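Residue numbers (this note's numbering), protein chains in the order written: chain P, 1 to 508; chain A, 509 to 758. We put the beta carbon where it would ideally sit given N, CA and C, even for glycine. As the structure is a computational prediction, the values presented were derived from the model and not from experiment.
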């Protein structure tokens, strides 16, 4: 097999792996669900055209030349998409380093490693682009139907920003390895991915709150101040926006630039990819200094369980990044809360649903990790304490963590509006309890490392958890604004939770 | 003379999946005995021991651990037992010392006692230099040793081990065998499944041969030889003969 054939073969292998990983994510690894997953995806894509039309339909008629505020809005949207792709790409690169079990096989094969890893880098870029194309297709479709075929150029922009995001992600991750070592990179890369993914939106929201007292990002983007700071209309900064509108020259430059960037990253980092992978596989993370204590903790058996769960949650890099993401989204409402102390506007009511929603979602993730994600299930099952005590200790851990995270916000709210603080606290408790209960009813023994795929074990539980969080968030907000509407929404959400219990496997 | 207490008494134990996995099994293991359970793949060894450890509910039958009904009072029975599976289940994000602290806490052992015991176990298993490293970087053998230390740290009266020597190097395997031998000499009961018949032959006081979910032969090596009329044969030859004759009868 010559070098070109070997690389083509490896590229096919990588694409097949990526396809199967994605398929396993969609089907929970169950045979016979492939057709259902594809049909579900097509239906989802079709349905997505409706929100896409609502969000973007009015922009289909846009024609060049554009004014500055419009260019700012389009460019910011493209930058947001790029930030999200970068976040996903960093996560993919980290997964390749830490979770793939084939590195030994690849590195022991008689093929030039730099070439092999170039293909792997290209595969990461392709998977990032494929996901972005999948999500952007309904939006581009709406623009093409409403504004003509020139909008097809937007697919080219998606491809170009996908390529550049993958290139930057690989460079960032490998530089992190060099700077802080393999053990910290995993955590830092996860945190970085969360900050990049959410950071841009949050920064805009904070700017909007501080300047205009609203959570709307468009208030900042379309402001005179933004237009005054923006570069001239001929600037390169606007190339992505122009390319999306069908400017062939801008599109060509964008794609060429992205390809060149990825090529440079491949040339520089492919040879180092192997070294980095080796250092990851050889590395065992030492505990922080001072962990060797003279004595073991005294306490009851449930206390031992709670201590173990809290320690594992604290040391889980995926969870830390997820929690950080949730907490980052709480920053804008926190700023709004802080601002409201000197402002009598009613915008503060928006804080409550955001907090309740975040609490429900976080509780669901924590409950899955503690209840289903038990790596030593046999050990816990053979321990001399009843199963009910084990479950109770695990639920207590979820509630302790939720309490620790959300209590400060509720306390701050108490100073602004005692009634709102009370409603928020109650809704946080109900949302967290509902999400935990759903995870308990649908629990399936799994490894903690399967956390990212937890939604595949039961789609029903995933949807029920999401609807429950949204429902309790809406209930809390409406209780403050229109109490009777809050009561109705609360009853509807309680009915959803009750229906979920009725059809849950634990009840059966 | 006072009759010797049985560490484990199983009567009519039955478990069916798509076919009978354990078929009305009767088994008695005496206190202070090293008992080896051998049998071909799929014979029902692991299923039997998982039912004894409380990890699987039997369809029928009874399990008594030191005269405690393990089905009626599982918590009291579990207090006296430890279970080690062939696939070591430990926490990647805990260090061996933290793992042992957790296990000791679960069994409600006095921290002062368990700390000293944990230290001794880590030293004797050669894990002391790694006691502050997280288990995520450990080899399978090291993980197995951590799991074994977890089983021993609460000083159980009955240790049940499912293929405990899988993945261990020769030195570690000898360590583990020595450790188990010491425990038996100290009065502990050990029940172990193994495919390494030489280990069963050397270490076990009695050997049970299980096939198709039933105990087809039981006794010391000499008794097994006598039962089969082969006075000068190895356990391996006996095992093959027993399993073949059982398969032929089925």
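What did DSSP end up calling residue i once you bin it into helix, strand or coil?
| i | result |
| --- | --- |
| residue 356 of chain P | helix |
| residue 26 of chain P | helix |
| residue 445 of chain P | coil |
| residue 521 of chain A | strand |
| residue 661 of chain A | coil |
| residue 384 of chain P | coil |
| residue 666 of chain A | strand |
| residue 538 of chain A | strand |
| residue 232 of chain P | coil |
| residue 577 of chain A | strand |
| residue 516 of chain A | strand |
| residue 697 of chain A | strand |
| residue 677 of chain A | coil |
| residue 714 of chain A | strand |
| residue 290 of chain P | Any reading at residue 290 of chain P must be qualified, since the residue scores a pLDDT of 45, below 50, and its modelled position is unreliable; the value itself is stated next. In this structure, residue 290 of chain P counts as coil in the three-state DSSP scheme. |
| residue 570 of chain A | strand |
| residue 531 of chain A | strand |
| residue 175 of chain P | helix |
| residue 489 of chain P | helix |
| residue 726 of chain A | strand |
| residue 50 of chain P | helix |
| residue 416 of chain P | helix |
| residue 719 of chain A | strand |
| residue 482 of chain P | coil |
| residue 298 of chain P | coil |
| residue 544 of chain A | strand |
| residue 21 of chain P | helix |
| residue 808 of chain A | What the structure shows of chain A is the stretch from 509 to 758, and residue 808 of chain A is not part of that stretch, so it cannot be assessed. |
| residue 222 of chain P | coil |
| residue 462 of chain P | helix |
Since I believe residue j is in contact with residue i (beta carbons under 8 Å), could you give me their beta-carbon distance rounded to a whole number of angstroms?
| i | j | result |
| --- | --- | --- |
| residue 761 of chain A | residue 530 of chain A | Any property of residue 761 of chain A remains undetermined from this structure, which presents chain A solely from 509 to 758. |
| residue 368 of chain P | residue 322 of chain P | In fact, because the Cβ distance is near 11 Å, the residues do not count as touching under 8 Å. |
| residue 244 of chain P | residue 157 of chain P | 5 Å |
| residue 743 of chain A | residue 705 of chain A | 5 Å |
| residue 246 of chain P | residue 151 of chain P | 7 Å |
| residue 489 of chain P | residue 471 of chain P | 6 Å |
| residue 749 of chain A | residue 546 of chain A | Wrong, their Cβ atoms sit about 13 Å apart, outside the cutoff. |
| residue 548 of chain A | residue 721 of chain A | Residue 548 of chain A to residue 721 of chain A, Cβ: 12 Å. No contact. |
| residue 701 of chain A | residue 726 of chain A | Not quite, the Cβ-Cβ distance comes to about 14 Å (not below 8 Å), so this is no contact. |
| residue 483 of chain P | residue 586 of chain A | Between residue 586 of chain A and residue 483 of chain P the Cβ distance is about 51 Å, and since that is not below 8 Å, they are no contact. |
| residue 652 of chain A | residue 572 of chain A | Wrong, their Cβ atoms sit about 29 Å apart, outside the cutoff. |
Less than 8 Å separating the beta-carbons of residue i and residue j?
| i | j | result |
| --- | --- | --- |
| residue 442 of chain P | residue 388 of chain P | no |
| residue 542 of chain P | residue 644 of chain A | A query on residue 542 of chain P cannot be resolved here, the shown segment of chain P reaching from 1 to 508 and no further. |
| residue 166 of chain P | residue 254 of chain P | no |
| residue 464 of chain P | residue 372 of chain P | no |
| residue 539 of chain A | residue 697 of chain A | yes |
| residue 658 of chain A | residue 611 of chain A | yes |
| residue 561 of chain A | residue 598 of chain A | no |
| residue 298 of chain P | residue 619 of chain A | yes |
| residue 543 of chain P | residue 143 of chain P | Here chain P covers residues 1 to 508 and nothing more, so residue 543 of chain P does not appear. |
| residue 190 of chain P | residue 82 of chain P | no |
| residue 45 of chain P | residue 146 of chain P | no |
| residue 552 of chain A | residue 715 of chain A | no |
| residue 359 of chain P | residue 415 of chain P | no |
| residue 543 of chain A | residue 694 of chain A | no |
| residue 187 of chain P | residue 43 of chain P | no |
| residue 80 of chain P | residue 70 of chain P | no |
| residue 260 of chain P | residue 121 of chain P | no |
| residue 563 of chain A | residue 382 of chain P | yes |
| residue 542 of chain P | residue 230 of chain P | Residue 542 of chain P lies beyond the stretch modelled for chain P, which goes from 1 to 508, so this question has no answer here. |
Which one of the options has the shortest CA to CA distance from residue i?
| i | options | result |
| --- | --- | --- |
| residue 594 of chain A | A:554, A:705 and A:724 | A:554 |
| residue 627 of chain A | A:585, A:733 and A:662 | A:662 |
| residue 192 of chain P | P:201, P:176 and P:204 | P:176 |
| residue 200 of chain P | P:437, P:35, P:329 and P:392 | P:329 |
| residue 435 of chain P | P:205, P:356 and P:266 | P:356 |
| residue 124 of chain P | P:185, P:467 and P:16 | P:16 |
| residue 74 of chain P | P:112, P:417 and P:239 | P:239 |
| residue 223 of chain P | P:208, P:236, P:233 and P:234 | P:208 |
| residue 10 of chain P | P:116, P:58, P:48 and P:35 | P:116 |
Counting only runs that start and end within the region 584 to 642 of chain A, where is the beta strand (DSSP E) found for 3 or more residues in a row? 589 to 592
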